[in-house]
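Participant: Counting from 27, one number per residue, gives the positions in the sequence shown under the working numbering.
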Amino acid sequence: MDKIRVGIVGFGFMGHEHLAMLSRLDGYEVVGIYDIDPKQMEEVPEGLKRYASADELFADPDVDVALIVANNNQHHDLVVKAARAGKDIICEKPIAMNLEELDDMVKVVGECGVKFTIHHQRRFDPDFRTMKNVYDQGLLGDVYTVKSSLYGFNGNMHDWHVYISEGGGMLFDWGVHLIDQMLWMMKGAKVKSVFADIRNVINFEVDDYFKILLRFDNGITGEIELGTYFLTDKISEKWFERHWIMGGNKGTAYSDGFDPEGKVVRTSHLLKNVRGTRTMTAAGPTRSFGPPAEGTILTEELPKADTKHEDYFENYYKAYHGEEEFLVKIPETRRVLALMEAARESAKTGQSVAFE
Ligand SMILES: NC(=O)c1ccc[n+]([C@@H]2O[C@H](COP(=O)([O-])OP(=O)(O)OC[C@H]3O[C@@H](n4cnc5c(N)ncnc54)[C@H](O)[C@@H]3O)[C@@H](O)[C@H]2O)c1
């Protein structure tokens, strides 16, 4: 099959990452690059076309796919222009700044009949896919809670990420991934309600902490928590923490880190109603939180997933040539954006918001 010829629009941090990744993959050729900032254009490697404008890139017949990697507030206009020029499009997340922008993009893309998808490569994060395996394989019986958390220590909100007009804030930056993962894991389930606490802990304009509770119609409560500015004195050991915990009536699964370390934990003997045993803690005696009876805790390895971000482009390549579906569908990304808007509303009012 032919190589997919890509033009990259936006050559900052992620534009460089895309160039490096696509250069490693057989099915792709990066033809050229455009960045609005001349300083960034100086970094375009020899041998690639350096376009003078986005329009010039979109007009180039050598480009099959426009990869939009500019700031979030540029996605709408660039996607619309690329579609009108007849280019197929991959756009970075978040798809748009709001639903109005997104609906306009979808309308134009539909009129132009081009292929359009979003770079949600974190559907291939191994920690997420491992926990999705636990869920899909029904290893825990009836699941009632799934918590996904990411904590940054001595955090670093940088560049455009601190400006609201540029689509900054951690909900847009990482929330979009964490919500997308949770919704994709719970495929088929509706979100009945959303409750969120979203804070600007130290930033003036944008959020740097959020906790979101999603009540699904399958009985599960999904919890997503992220904080950028927790502090730690153990800098050499930890600069972030990534955790999952999933609870069901037949077991619990936990995972720590992006390269998941964890276990599926079960018990040979559920202590439904037993005589209370006194356990002493520094905060006084307890009967509810004592150690388990000897030999009753059983562990199994997590069903680890061997996925990587390249897999996103492997799927794109096959889907582009009609061999499978694009993994990331635009209505799914619309749902994530709508959910972020519901979360913002909940945070503002302090009330939960009915969703689906
Ligand atoms: N999927 C991921 O994991 C991931 C990770 C990082 C960033 N991103 C996304 O990638 C996009 C870029 O983020 P970044 O961190 O690389 O930002 P960045 O600031 O490092 O780079 C953005 C670049 O886009 C250029 N630009 C701005 N407007 C432009 C325009 N109209 N035309 C051409 N170039 C333009 C800027 O000059 C800059 O060089 C954002 O949408 C961000 O959310 C995704």
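Every residue, glycine too, gets a C-beta built ideally from N, C-alpha and C.
Use the C-beta contact count for residue 281: other C-beta atoms within 10 angstroms, 16 or more gives buried, fewer gives exposed.
Facilitator: That one is buried.
Participant: Quick one: what's got a C-beta closer than 7 Å to residue 219's C-beta in the same chain, skipping five residues either side?
Facilitator: Within the same chain, residue 219 has close Cβ partners 241, 378, 379, 380, 381.
Participant: Which first and last residues belong to the beta strand (DSSP E) in which residue 311 is found?
Facilitator: Counting along the chain, the beta strand (DSSP E) containing residue 311 begins and ends at 310-312.
Participant: Please check if any C-beta of chain D sits within less than 8 Å of the C-beta of residue 288.
Facilitator: In the displayed structure, chain D is absent; only one protein chain is listed.
Participant: Could you tell me whether any non-hydrogen atom of ligand 1 is closer than 7 Å to the CB of residue 145?
Facilitator: Residue 145 Cβ: within cutoff of ligand 1.
Participant: Near residue 275, what residues of its chain come up, given a Cβ to Cβ distance below 8 Å and the 5 sequence neighbours on each side ignored?
Facilitator: Contacts found: 166, 167, 168, 170.
Participant: Out of curiosity, what's the CA-to-CA distance linking residue 288 and residue 267?
Facilitator: Straight-line Cα distance between these residues: approximately 13 Å.
Participant: Taking residue 224 as the reference, which of 375, 33, 187 has the closest Cα?
Facilitator: Comparing Cα positions, the closest option is 375.
Participant: Tell me which same chain residues have a C-beta within less than 7 Å of the C-beta of residue 334, skipping the five on either side of it?
Facilitator: Closer than 7 Å at Cβ, skipping near neighbours: 150.
Participant: Taking 7 Å as the cut-off, is the CB of residue 60 close to at least one heavy atom of ligand 1?
Facilitator: True, at least one ligand heavy atom lies under 7 Å from that Cβ.
Participant: Any contact of the segment 100-107 with the segment 37-57, i.e. 3+ C-beta pairs under 8 Å?
Facilitator: Taking 8 Å as the limit for Cβ pairs, the verdict is that the segment 37-57 does not touch the segment 100-107.
Participant: So what's residue 75 in DSSP terms, helix, strand or just coil?
Facilitator: In this structure, residue 75 counts as strand in the three-state DSSP scheme.
Participant: Answer with buried or exposed for residue 65, where buried requires no fewer than 16 other C-beta atoms within 10 angstroms of its C-beta.
Facilitator: With fewer than 16 Cβ atoms within 10 Å of its Cβ, residue 65 is classed as exposed.
Participant: Based on Cα-Cα distance, which residue from 371, 81, 60 lies nearest to residue 75?
Facilitator: Answer by Cα proximity: 60.
Participant: Could you name the residues of the same chain whose beta carbon sits closer than 7 Å to that of residue 80, not counting the 5 residues immediately before and after it, in chain order?
Facilitator: Excluding sequence neighbours, residue 80 sits near 35, 60, 104, 107.
Participant: Answer with buried or exposed for residue 304, where buried requires no fewer than 16 other C-beta atoms within 10 angstroms of its C-beta.
Facilitator: The residue in question, residue 304, is exposed, as its Cβ has fewer than 16 Cβ neighbours within 10 Å.
Participant: Rounded to whole angstroms, what is the Cα-Cα separation between residue 235 and residue 254?
Facilitator: Rounded to whole angstroms, residue 235 to residue 254 spans 6 Å at the Cα level.
Participant: Classify residue 156 as buried or exposed, calling it buried when 16 or more other Cβ atoms lie within 10 Å of its own Cβ.
Facilitator: Counting Cβ neighbours within 10 Å, residue 156 comes out buried, since at least 16 surround it.
Participant: Considering only DSSP beta bridges, list what residue 274 is partnered with.
Facilitator: Looking at the DSSP assignment, residue 274 forms a beta bridge with 169, 277.
Participant: Go ahead and label residue 174 buried or exposed: buried means 16 or more other beta carbons lie within 10 angstroms of its beta carbon, across all protein chains shown.
Facilitator: Residue 174 should be labelled buried.
Participant: Is any heavy atom in ligand 1 found nearer than 7 Å to the beta carbon of residue 66?
Facilitator: Yes, Cβ of residue 66 sits closer than 7 Å to a heavy atom of ligand 1.
Participant: Going by beta-carbon coordinates alone, are residue 161 and residue 196 separated by less than 8 Å?
Facilitator: Not in contact: residue 161 and residue 196 (Cβ atoms no closer than 8 Å).
Participant: Going by the CB atoms, is the gap between residue 264 and residue 251 shorter than 8 Å?
Facilitator: No, they are not a contact pair.
Participant: Return the first residue and the last residue of the alpha helix (DSSP H) that residue 211 is part of.
Facilitator: Here the alpha helix (DSSP H) through residue 211 covers 202-211.
Participant: Per the DSSP calculation, residue 136 is bridged to which residue(s)?
Facilitator: In DSSP, residue 136 forms no bridge with anything.
Participant: Residue 322 to residue 302, Cα distance in whole Å?
Facilitator: Using only the alpha carbons, I get a separation of about 17 Å.
Participant: If I follow the unbroken alpha helix (DSSP H) through residue 5, where does it start and stop?
Facilitator: Since the first residue of the chain shown is 27 and the last is 382, residue 5 is not available in this structure.
Participant: Can you tell me the Cα-Cα spacing of residue 29 and residue 114, whole angstroms?
Facilitator: Straight-line Cα distance between these residues: approximately 14 Å.
Participant: Distance check for residue 295 and residue 199, CA to CA, integer angstroms please.
Facilitator: Distance between the alpha carbons of residue 199 and residue 295: 43 Å.
Participant: At a cut of 8 Å, does the segment 343-359 reach the segment 137-151 through at least three beta carbon pairs?
Facilitator: The segment 343-359 vs the segment 137-151: in contact.
Participant: Return helix, strand or coil for residue 237, following the three-state DSSP convention.
Facilitator: Correct three-state label for residue 237: strand.
Participant: For residue 210, verify whether its CB is less than 7 Å away from any heavy atom of ligand 1.
Facilitator: False, no ligand heavy atom lies under 7 Å from that Cβ.
Participant: Rounded to whole angstroms, what's the CA-CA distance from residue 204 to residue 350? Just pull it up for me.
Facilitator: Whole-angstrom Cα-Cα distance: 25 Å.
Participant: Any heavy atom of ligand 1 closer than 7 Å to the CB of residue 109?
Facilitator: No, Cβ of residue 109 sits at least 7 Å from all heavy atoms of ligand 1.
Participant: If distances are taken between C-alpha atoms only, which option among 232, 371, 147 comes closest to residue 188?
Facilitator: Nearest C-alpha to residue 188: 232.
Participant: Answer with buried or exposed for residue 163, where buried requires no fewer than 16 other C-beta atoms within 10 angstroms of its C-beta.
Facilitator: Exposed, by the Cβ-count rule.
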